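In the working numbering, the protein residues as written are 127 to 279.
Cβ coordinates follow ideal geometry from the N, Cα and C atoms, glycine included.
Please read these numbers as outputs of a predicted model, since none were measured by experiment.
Notes follow once the structure below has been shown.
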Amino acid sequence: MHEKVKQFVERQEREKVKRREQHLINLGLVEKVYSDSWHRDYPHWDSTKQKYCKLVPIDVTDEEYALICSYVKEGEKEPRRTNLVAVVLKVIGWVILVGGFLAGLILASLYNYGFDWAIAIGYWVFALLSGIIFLALAEIIALLQVLVNKERQ
Numbered sequence: 127m128h129e130k131v132k133q134f135v136e137r138q139e140r141e142k143v144k145r146r147e148q149h150l151i152n153l154g155l156v157e158k159v160y161s162d163s164w165h166r167d168y169p170h171w172d173s174t175k176q177k178y179c180k181l182v183p184i185d186v187t188d189e190e191y192a193l194i195c196s197y198v199k200e201g202e203k204e205p206r207r208t209n210l211v212a213v214v215l216k217v218i219g220w221v222i223l224v225g226g227f228l229a230g231l232i233l234a235s236l237y238n239y240g241f242d243w244a245i246a247i248g249y250w251v252f253a254l255l256s257g258i259i260f261l262a263l264a265e266i267i268a269l270l271q272v273l274v275n276k277e278r279q
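Following this line, the structure appears as C-alpha cells:
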C-alpha cells in the first residue's frame, strides 16, 4: 500500500474512533476516572466522591455499538413536538405589539390639532406590556414542552 494511502486510512480510522467515543459520551455511556487535583484532562467535579474526574466512554464491541446506534436512530424517528398553544400565544403577542404600535400612530393622529403624544404613548405602553406578557407565556410553555420531550426520551 502506498504510504500516503496508509496515512489517510489511519487518520480516518482515528477520526472514526474519536466520533464513536464522543457519541458514547453524549449518550451517557461513560465511566468516571478520578484525580485528586484539577487538571485540564480532569475538568469535571464529582461532588459525591469530592474528586475531579473525566468521562471515559465504556468499551463496547462493534456489534454492541451497532445495537446502540439502532436504538438511538429509533428514538430520533419520533418527531420533535412543538406546543400549539405556545405558537398561538407567540403569534398573538407579535400581533399585539405590531397592532398596538400602529393603533397608537393612527389614533394619535386622528385629532384635528395634530399628533397627540399622550394617546400614542398610552397605546404603545399598553401594547408593549400586553405583547411581552403573551411572548413570555409562549416562551414558558415552549420551555416546558422541551422538558416534556426530554422526559419522553
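Out of curiosity, what's the CA-to-CA distance linking residue i and residue j?
i	j	result
LEU255	ALA244	17 Å
HIS165	VAL182	15 Å
LEU150	GLU190	11 Å
LYS130	ARG137	10 Å
ILE259	TRP220	11 Å
GLN271	ILE194	26 Å
ALA229	ILE218	15 Å
LYS144	HIS128	25 Å
VAL274	ASN209	10 Å
Please return the same chain residues whose Cβ sits closer than 6 Å to the Cβ of residue i, not counting the five positions on each side in sequence.
i	result
ALA234	PHE241, ASP242, ILE245 and ALA246
LYS203	Model confidence at LYS203 stands at a pLDDT of 49, short of 50, so the residue's coordinates are unreliable and nothing is read from them.
VAL158	Reading off the sequence shown, one finds Lys at residue 158, where the question assumed Val. Closer than 6 Å at the Cβ level, and outside the excluded window around LYS158, lie CYS179.
So, for residue i: in the same chain, excluding its five sequence neighbours on each side, which residues have a beta-carbon less than 7 Å away from its beta-carbon?
i	result
GLU147	PRO183
For residue i and residue j, which I take to be in contact (beta-carbon distance under 8 Å), what is that distance rounded to the nearest angstrom?
i	j	result
SER267	LEU215	A small correction: the amino acid at residue 267 is Ile; Ser does not occupy that position in the sequence shown. About 7 Å; that satisfies the 8 Å criterion.
GLY226	TRP250	6 Å
Pick out whichever of the options has its Cα sitting closest to the Cα of residue i.
i	options	result
LEU155	TRP250, VAL198, LYS142 and GLU141	VAL198
Let's test the definition: count the other Cβ atoms within 10 Å of the Cβ of residue i and tell me whether it reaches 16, buried, or not, exposed.
i	result
TYR239	exposed
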